[in-house]
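Chemist:
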Amino acid sequence: MTSEQWGRVEEDGTVYVKTAEGERSVGQYPEGTPEEALAFFTNRFDQLAFEVEQLERRVHAGKTSPDEATAAVKTVVEKVTDANAVGDLASLVARLEALAPVIATQREARKAERAAKAAEAKVAKEALVAEAEKLAQSNDWRNGANRLRELLDQWKALPRIDRGSDDALWRRFSTARTAYTRRRKAHFAELNARREDAKVIKERIIVEAEQLSASTDWGPTAGRYRDLMRDWKAAGPAPKDVDDKLWKQFRAAQDVFFGARDDANAALDAEFAQNAVVKEGLLVEAQELLPLVEKGDDLDSVKRSFRDIADRWDEAGKVPRDRIKELEGAMRKVEQAIKSAEDDQWRKSDPEKSARADDMIAKLEEAIAQVESDLAKAQASGDARKIKSLEENLESRRQFLEMAKRASADFS
556 MTSEQWGRVE
566 EDGTVYVKTA
576 EGERSVGQYP
586 EGTPEEALAF
596 FTNRFDQLAF
606 EVEQLERRVH
616 AGKTSPDEAT
626 AAVKTVVEKV
636 TDANAVGDLA
646 SLVARLEALA
656 PVIATQREAR
666 KAERAAKAAE
676 AKVAKEALVA
686 EAEKLAQSND
696 WRNGANRLRE
706 LLDQWKALPR
716 IDRGSDDALW
726 RRFSTARTAY
736 TRRRKAHFAE
746 LNARREDAKV
756 IKERIIVEAE
766 QLSASTDWGP
776 TAGRYRDLMR
786 DWKAAGPAPK
796 DVDDKLWKQF
806 RAAQDVFFGA
816 RDDANAALDA
826 EFAQNAVVKE
836 GLLVEAQELL
846 PLVEKGDDLD
856 SVKRSFRDIA
866 DRWDEAGKVP
876 RDRIKELEGA
886 MRKVEQAIKS
896 AEDDQWRKSD
906 PEKSARADDM
916 IAKLEEAIAQ
926 VESDLAKAQA
936 SGDARKIKSL
946 EENLESRRQF
956 LEMAKRASAD
966 FS
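If you're matching positions, the sequence shown starts at 556 in this note's numbering and goes up one per residue.
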């Protein structure tokens with residue numbers, strides 16, 4: 556419709572807009588023509604229409620909240636209703652009123668979205684609370700505090716839920732953090748106390764270690780140092796800033812003693828080197844007895860020779876420490892070979908075993924004689940079944956007799 560259909564101009568320049576309730580004056584435009592007057596007030600309508608269109612776009616796009624959109628629609632409706640403009644003002648109002656169901660739908664959607672987010676936030680907060688309560692009972696002092704700080708940051712990033720649930724969950728979360736913090740402080744306070752006690756113990760150990768460092772009583776002193784090392788480990792760590800220093804003092808005292816002992820042992824090893832040469836010669840003599848031991852000939856003579864070598868071995872004296880195992884081990888092998896041969900000889904000459912073997916032979920020979928007599932009678936009577944049984948019996952006993960004779964020969 557043209558502007559003339561929505562308004563008119565009186566001769567005095569007064570402009571009227573046509574509405575469903577009738578005409579209403581919107582202003583005067585006395586200095587121009589009626590067309591110019593209508594154009595002026597029609598332009599105002601166009602501006603309102605543009606504003607309505609922009610509001611429609613924002614609402615449909617969901618760029619404003621339902622509450623903001625409702626307030627904006629109300630403001631524009633009031634502006635349009637009393638507007639000093641010429642045009643279809645009722646259609647603009649209708650367009651604005653048509654936004655109400657759109658806003659209502661958006662309000663419900665946002666309500667549902669908020670409810671879903673609140674439900675998600677509640678689940679997330681419950682998970683944070685559960686983890687915090689678990690940490691509150693743990694002894695993870697290294698990582699627990701950092702993790703609780705991370706949980707707090709995550710809590711702050713989550714939206715609030717209904718006040719009652721949010722406050723209840725927060726109280727549990729805060730209580731868990733407080734419980735953990737108290738236990739952690741108590742742990743480190745106890746740890747610090749133990750470290751101070753360890754410091755006192757280690758200082759006392761150092762005093763004794765330094766006193767022992769000049770000792771030349773090598774065996775007992777080395778044993779005492781082992782005891783002190785055990786006590787040192789049992790004491791646990793001292794405060795970090797002094798523990799390394801204390802250890803260096805303790806180690807230095809040990810190094811003095813064990814260095815002196817090593818020097819003394821080195822001097823003894825040099826002194827005992829010639830003894831090792833003597834024992835090497837004696838070992839050669841002893842090992843030359845092994846072929847005689849294997850043959851089993853004149854074992855008594857071998858034993859006498861070995862005892863002579865052993866006596867000279869003892870007279871030779873100590874050898875360097877790094878040769879003891881080697882030389883003693885080789886000599887022990889010869890001794891064990893002789894003992895093994897002696898034991899074997901005794902087993903073969905055991906009187907009891909020899910007597911048992913002879914007795915077994917006698918009984919078997921007696922039994923064989925009886926079976927031979929029975930067999931002769933069976934053969935005379937022609938009893939084939941009995942002959943076969945007795946022949947088998949006789950063969951078995953003769954085999955046992957042969958085995959018994961071989962065993963008896965071992966004891967001869």
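Where a beta carbon is used, it is the ideal one built from N, C-alpha and C, also for glycine.
Does V874 come out as helix, strand or coil in the three-state DSSP assignment?
Modeler: The answer is coil: DSSP assigns V874 none of H, G, I, E or B.
Chemist: Where are the alpha helix (DSSP H) runs, 4 residues long or more, that stay fully inside the segment 650-703, in chain order?
Modeler: Correct list: 654-691.
Chemist: For R662, which residues in the same chain have their Cβ closer than 6 Å to its Cβ, ignoring the five residues on either side in sequence?
Modeler: The answer, listed in chain order, is P621.
Chemist: Report buried or exposed for M556, applying the criterion of at least 16 other Cβ atoms within 10 angstroms of its Cβ.
Modeler: The pLDDT assigned to M556 is 47, lower than 50, so where the model puts this residue is not dependable, and the model offers no usable value.
Chemist: Alpha carbon to alpha carbon, what distance is there between Q842 and S770?
Modeler: Approximately 42 Å between the Cα atoms of the pair.
Chemist: 9 Å is my cut-off, CB to CB: does V857 come that close to chain B?
Modeler: As a matter of chain content, chain B is missing from the structure shown, which is built from one protein chain.
Chemist: What residue range does the beta strand (DSSP E) around Y571 cover?
Modeler: Taken as a continuous stretch (DSSP letters only), the beta strand (DSSP E) holding Y571 covers 569-574.
Chemist: Three or more C-beta pairs under 8 Å: does that hold for the segment 703-713 against the segment 744-755?
Modeler: They do not touch, by the three-pair rule.
Chemist: What is the DSSP secondary structure of S580, reduced to helix, strand or coil?
Modeler: If DSSP states are grouped into helix, strand and coil, S580 belongs with the strands.
Chemist: Could you please give the first and the last residue of the uninterrupted beta strand (DSSP E) stretch that includes G642?
Modeler: Unbroken run through G642: none, as it is neither H nor E.
Chemist: What does the alpha-carbon distance come out to for the pair K960 and I916?
Modeler: Computed Cα separation, rounded: 7 Å.
Chemist: Report the partner residues of R563 according to the DSSP bridge assignment.
Modeler: Per DSSP, Y571.
Chemist: Would you grab the beta carbon distance between L713 and A676 for me? Rounded to a whole angstrom, and I think it's under 8 Å.
Modeler: Confirmed, Cβ separation roughly 5 Å.
Chemist: In angstroms with no decimal places, state the Cα-to-Cα distance between G617 and R727.
Modeler: Computed Cα separation, rounded: 38 Å.
Chemist: Could you give the distance in angstroms between the alpha-carbon of E971 and the alpha-carbon of S928?
Modeler: With the chain covering only 556 through 967, there is no way to say anything about residue 971.
Chemist: Return the CA-CA distance between E890 and E849, expressed in angstroms with no decimal places.
Modeler: Taking the straight line joining both Cα atoms gives about 13 Å.
Chemist: Roughly how many whole angstroms lie between the Cα atoms of D717 and E688?
Modeler: For D717 and E688, the distance between alpha carbons rounds to 22 Å.
Chemist: Report the rounded CA-to-CA distance for L683 versus D695, giving the unit in angstroms.
Modeler: Near 17 Å, if we compare the C-alpha coordinates of D695 and L683.
Chemist: Mapping the DSSP letters down to three states, classify D817 as helix, strand or coil.
Modeler: D817: helix per DSSP, three-state reduction.
Chemist: Suppose you measure from the CA of E590 to the CA of A659; what does that come to, to the nearest Å?
Modeler: For E590 and A659, the distance between alpha carbons rounds to 42 Å.
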